[in-house]
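Chains as they are written, first to last, in this note's numbering: chain P, 3 to 165; chain Z, 3 to 165. Glycine included, C-beta positions come from ideal geometry on N, C-alpha and C.
There are 2 protein chains.
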Amino acid sequence: MTDVAVVRLPDETRQLEELRRRGVPRLALVAPHAPPFTPVDLLEDWVRLPAAPADVRARVLTLVGRAVQDLHRRPELSDDRLLRYGRWWVALPPTDARLIAPLVDRFGTVVGRGELAKAGWPDGLPNRNSLDVQLGRLRRRLEGSGLTLRTVRSRGCVLAPGT
Amino acid sequence: MTDVAVVRLPDETRQLEELRRRGVPRLALVAPHAPPFTPVDLLEDWVRLPAAPADVRARVLTLVGRAVQDLHRRPELSDDRLLRYGRWWVALPPTDARLIAPLVDRFGTVVGRGELAKAGWPDGLPNRNSLDVQLGRLRRRLEGSGLTLRTVRSRGCVLAPGT
DNA sequence: CCCACTGTTTCGTGGCCGTGAACCGGGAGC
DNA sequence: GCTCCCGGTTCACGGCCACGAAACAGTGGG
């Protein structure tokens, strides 16, 4: 399930960007005279060509190891309203904290709007719009976290890894 | 400031182990016919010889980058009121030292205002505002340390890495 | 005496959250 | 094809209140 993509630079720069966007672990094979490479995250590595197959394999395995660790990563919400995801964290205001609780709980799966409303406002929604507005604010607070809050039309919302 | 050690393998295996033990970021230059290398942690990288100086430099720089954002270290408060965080340190006045003690103790988690007040002024707060003022002063003394004292509204404060 | 430390007050600001309204894409129905 | 509405997104505004900054004064130690 966990695969590492291998791209050649500088020829396949576009593919590299796509892989970064999707968060796929990736190894760059850098052409002999191309400038050195700078990985943007821990799921990225590079090697200078020409390289022995064994060396490439070793780097791929390292990336696989990191990716496996990354898969186990789930967000955590402490009762003092700290939401953590890996090294990243925010302090959430009360409403957002209640709202996100079921989403963290069922990370990666859809949570219905009704349930979200119930979680955020146990006494009932104050306004037909409140949920959407609050979800928007929550989305903004998650920026840069590596987490995305996506809506599934007429079904609900999913909290998942991704930008 | 932050340094990266460079060792040659397999000749300097002993030095490598010492560096690992001390948590120093390290780059291994692996001899042409030696087997590929497997880094044991994120502060370790390797490159196959012969390698261009620019390539070695690039890898050193990424290691420096990782070391700078290394979040595994924790601040320490000695009983002579010296607060250390990595290479950085300050001498804290008595009140600040008492105040920060529980925050260092529970680094990265929220400490309630009540508890902070109790820690800083065991005989009771002299004024309903004293805590906030003192927290502001503490914040200023932490500038440039790589530590942040952030408030979690209506809950308390958290001492964490970050600017 | 001087300076760091601390108490006290005042005032400002920024976070949080409800509310109304504009806007937009997609699908159902005509 | 056209229109209309549904579901969702975004903006701006305002009230409330917790928190923060500045400024000044008193105090004690070197």
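When only Cα atoms are considered, D134 (chain P) and L140 (chain P) end up about 10 Å apart.
Among the residues of chain Z, those whose CB is under 7 Å from the CB of P41 (chain P) are T64, following chain order.
Per the DSSP secondary-structure output, L45 (chain Z) pairs with nothing in a beta bridge. Relative to the Cα of V113 (chain P), the nearest Cα in the group P:A36, P:R76, P:A30 and P:V160 belongs to P:V160. D57 (chain Z) belongs to the set of residues whose beta carbon lies under 7 Å from a beta carbon in chain P. For V32 (chain Z), the uninterrupted beta strand (DSSP E) segment begins and ends at R28 to V32. The shortest CA-to-CA distance from D82 (chain Z) to any of Z:G67, Z:A69 and Z:D98 is the one to Z:D98. With respect to the 7 Å criterion, E46 (chain Z) and R28 (chain Z) are classified as neighbours on the basis of their beta carbons. At a Cβ-Cβ threshold of 7 Å, A162 (chain Z) and P38 (chain P) do not count as neighbours.
Counting only Cβ-Cβ distances below 9 Å, P27 (chain P) has no contacts in chain Z at all, with the closest Cβ about 14 Å away. Under a criterion of Cβ atoms nearer than 7 Å, the residues of chain P adjacent to L44 (chain Z) are, in order, L44.
Taken through DSSP and simplified to helix, strand or coil, P96 (chain Z) comes out as helix. Contact between R23 (chain P) and T165 (chain P) is confirmed by a C-beta separation of about 7 Å, below the 8 Å threshold. Residue environment: T15 (chain P) is assigned as exposed (fewer than 16 neighbouring CB atoms within 10 Å of its CB, all protein chains considered). Nearest to R61 (chain P) by alpha-carbon distance, out of P:E19, P:G126 and P:V6, is P:V6. Under the 10 Å beta carbon count, A93 (chain P) is surrounded by 16 or more other beta carbons and is classified as buried.
When only Cα atoms are considered, L51 (chain P) and L65 (chain P) end up about 18 Å apart. Taking 7 Å as the cut-off, the beta carbon of R75 (chain Z) is found closer than this to the beta carbon of G88 (chain Z). The beta-carbon of V9 (chain Z) is placed no less than 7 Å from the nearest beta-carbon of chain P. Minimum Cα-Cα distance from G146 (chain P) among the listed residues P:R86, P:G116, P:K120 and P:A119 corresponds to P:R86. Secondary structure of P77 (chain Z) (DSSP, three-state): coil. Annotated three-state conformation of L127 (chain P) is coil, per DSSP. Straight-line spacing of the CA atoms in V32 (chain Z) and P77 (chain Z) works out to 35 Å. For P124 (chain Z), there are no C-beta contacts with chain P under 8 Å, since the nearest C-beta of that chain is about 23 Å from it.
As DSSP reads the structure, R50 (chain P) sits in a beta bridge with P:V32.
Here the alpha carbons of S156 (chain Z) and D125 (chain P) stand approximately 21 Å from one another. Excluding residues up to 5 positions away in sequence, A119 and L133 lie with their Cβ nearer than 7 Å to the Cβ of L127 (chain P) in the same chain. Using a CB distance below 8 Å, the part of the region 70 to 83 of chain P facing chain Z consists of S80, D82 and R83, ordered along the chain. Collapsing the DSSP output to three states places R155 (chain Z) in coil.
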